[in-house]
Every structure is written in structure tokens, then in C-alpha cells.
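Taking our numbering, I'd label the letters of the sequence shown as residues 10 to 227.
We put the CB at the ideal spot given by N, CA and C, even for glycine.
Encoded as C-alpha cells, the structure appears first; notes follow it.
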Amino acid sequence: KLSPSMMCASFFELAAQTATFEKNGIELLHIDVMDGSFAPNFALGVDFARQLKKNCSIPLDIHLMVREPERHIPSFPIAEGDIVSVHIESTDKPRECIEAIKSRGARAFIVLNPETPTSALSDLLQIIDGVLIMAVNPGFAGQKMLPGTIEKIAETRRLLDEAGREDAEIEVDGNVSIENGIRMRGAGANIFVLGTAALFRGDLEANIHAFRDEVFGS
Ligand code: DX5
Ligand code: ZN
């Protein structure tokens, strides 16, 4: 599945870009939410998510990079088919967050920062719908994939499978180029956040086709 990173979209051409995504069967729209504290930047928010929800049929993939996400989940337009991801480092109430997301019919993912070990997932393996692995530190587009990312994807896949969670998905965010995407997919990732590395440069439609051809072989 492809999840374009909407903080990298052109706000001046948003209608045309989302129409291209709908036309090309894009599965999710990745919405980076930052509070300037958990992540050292500001990005998208509740009102932007509401406008996308209202004007576009693609499910939302809301990535919360905020402290105390449990306080903010109720504000977002979350519905069935959407994904909401919460960083394990951002809350001491991960279960409360997961329950709040699921009670709205959406799917709950836990995010791991590059320095966070996969062992942080162990108590939650039975209740999450997926894991979002950061290939870069949260905050800015255009960074380089950090060492250990591919191994971490493989390790997460193994942990989920051993827990009987073959159904749980693995998403990866940051520097998902075609070259990195091939390795990420080989390690077990199946949802790819596309920012500046593979999508928002030149022709969107050609980039979508190129990524699908090279990474999924379809
Ligand atoms: C990083 C953001 C990513 C980023 C990915 O904090 O969460 O979504 O925009 O895009 P590139 O391809 O620029 O790394
Ligand atoms: Zn993100």
C-alpha cells in the first residue's frame, strides 16, 4: 500500500494532487501531526485532516508526533478504514490510545523511533493492528535512512509472526526511495510512506507507477 506524505504535497495544487491519487488507486493519505515539542517542527493538524476527509475518498493515515496523544485523538476526524499511529515514546497510556482509536472503528498502529527497540512492543502485540517504523528521526522530510532500519523491520515482522499476528501490518516512514523501498519490502514492510524521496518530485503519476513496478513488481 502507498501512503503519500501530505506535508510534502503542494498546498497550491492540493485538489489536483489528491485527484491524481484517487485516480491511481492510492490506498492511504499520510498526515504528519507535530507539536513542536515531541517533534522539532510543526506540520499538519485537525483542520487539514477534516478538509481531506470531506473532499477526498482515500482513507487517512494519521501519524501523531505529539506529546500526550490521548488528549488529541478525539479531535481528529477518524472513521472506519483509517489508520492512527501513536509513538510509544510519546505516552504512558498506549493502551488508552489504542482503545480510543479502535472505538472509532479505525486501526491502531504503534510507532517506533529509530533508537527505540522492538522490545517496546512486547505488551501490545495482541492489541495493535500494525507497527510504523521510522527510518529517520521525526520532524523533517528529505533525511537519509538511518542504519539498522532494514534489520528492525525484519525483527518486527518476526515478533509479530511469533505472536500469531501475521495479520498485523508494517509501515515505514522516512526516505522511502525506490532503492530503499525494495529492501524494506524484502524485510517485511507492506505500507510505504512516500515523501520527497520517491513521490513529490516531478510527475506524480509516473512516480507512482515507477514505485509500484520496481517495489511490488506490478
Ligand atoms: C518525517 C515525516 C515523513 C517524511 C517522509 O518526520 O514523517 O513523512 O515527510 O518523506 P521523505 O521521503 O522526504 O523522507
Ligand atoms: Zn509520518
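Residues that DSSP places opposite residue i in a beta bridge
{"i": "Met74", "result": "Met43"}
{"i": "Glu180", "result": "Leu141, Ile200"}
{"i": "Leu69", "result": "Leu38"}
{"i": "Leu53", "result": "Val42"}
Identity of the residue in the options nearest residue i by Cα
{"i": "His81", "options": "Thr100, Ser66, Gly90, Ile67", "result": "Thr100"}
{"i": "Phe149", "options": "Glu98, Glu22, Glu171, Ala48", "result": "Ala48"}
{"i": "Gln135", "options": "Ile97, Ala177, Pro147", "result": "Ala177"}
{"i": "Ile162", "options": "Ala172, Asn199, Leu23", "result": "Asn199"}
{"i": "Asp116", "options": "Thr127, Pro156, Ile137", "result": "The question names Asp, but residue 116 in the sequence shown is Arg. That would be Ile137, whose Cα lies nearest to the Cα of Arg116."}
{"i": "Lys62", "options": "Ile97, Ala24, Glu77, Ala144", "result": "Ala24"}
{"i": "Gly114", "options": "Pro78, Pro123, Ala88, Glu223", "result": "Ala88"}
{"i": "Pro156", "options": "Glu164, Thr165, Val145", "result": "Val145"}
{"i": "Ser84", "options": "Glu171, Val42, Asp222, Phe51", "result": "Val42"}
Where the beta strand (DSSP E) containing residue i begins and where it ends
{"i": "Ala117", "result": "116 to 121"}
{"i": "Ala95", "result": "A small fix is needed here, since residue 95 is Val in this sequence, not Ala. Taken as a continuous stretch (DSSP letters only), the beta strand (DSSP E) holding Val95 covers 92 to 96."}
{"i": "Pro13", "result": "11 to 13"}
Interface flag, residue i vs chain C, CB-CB below 9 Å
{"i": "Phe220", "result": "As a matter of chain content, chain C is missing from the structure shown, which is built from one protein chain."}
Residue span of the alpha helix (DSSP H) that contains residue i, given as start and end
{"i": "Lys111", "result": "103 to 112"}
{"i": "His218", "result": "213 to 220"}
{"i": "Thr125", "result": "First-last for Thr125: undefined, no H or E at that position."}
{"i": "Gln26", "result": "23 to 32"}
beta-carbon residue i near the ligand NAP non-hydrogen atom, thresh 8 Å
{"i": "Phe149", "result": "The ligand NAP is absent from the structure shown, which contains only the ligand DX5 and the ligand ZN."}
Handout entry: Cβ contact (3+ pairs, closer than 8 Å) linking the stretch 181 to 190 and the stretch 206 to 217
Key = The stretch 181 to 190, when compared against the stretch 206 to 217, does touch it at the 8 Å Cβ threshold.
Handout entry: Touch test, the stretch 62 to 74 against the stretch 27 to 44, Cβ-Cβ under 8 Å, three pairs minimum
Key = At 8 Å Cβ cutoff, the stretches touch.
Practice task
Let me have the residue list for the ligand ZN: C-beta closer than 5 Å to any non-hydrogen atom, ordered along the chain.
Solution key: Per the Cβ criterion, the list is Asp41, His72, Asp182.
Practice task
Would you check if the stretch 85 to 94 and the stretch 102 to 121 touch, i.e. whether three or more CB-CB distances between them fall below 8 Å?
Solution key: A contact between stretches requires three or more CB pairs, one per stretch, nearer than 8 Å, and the stretch 102 to 121 meets this requirement with the stretch 85 to 94.
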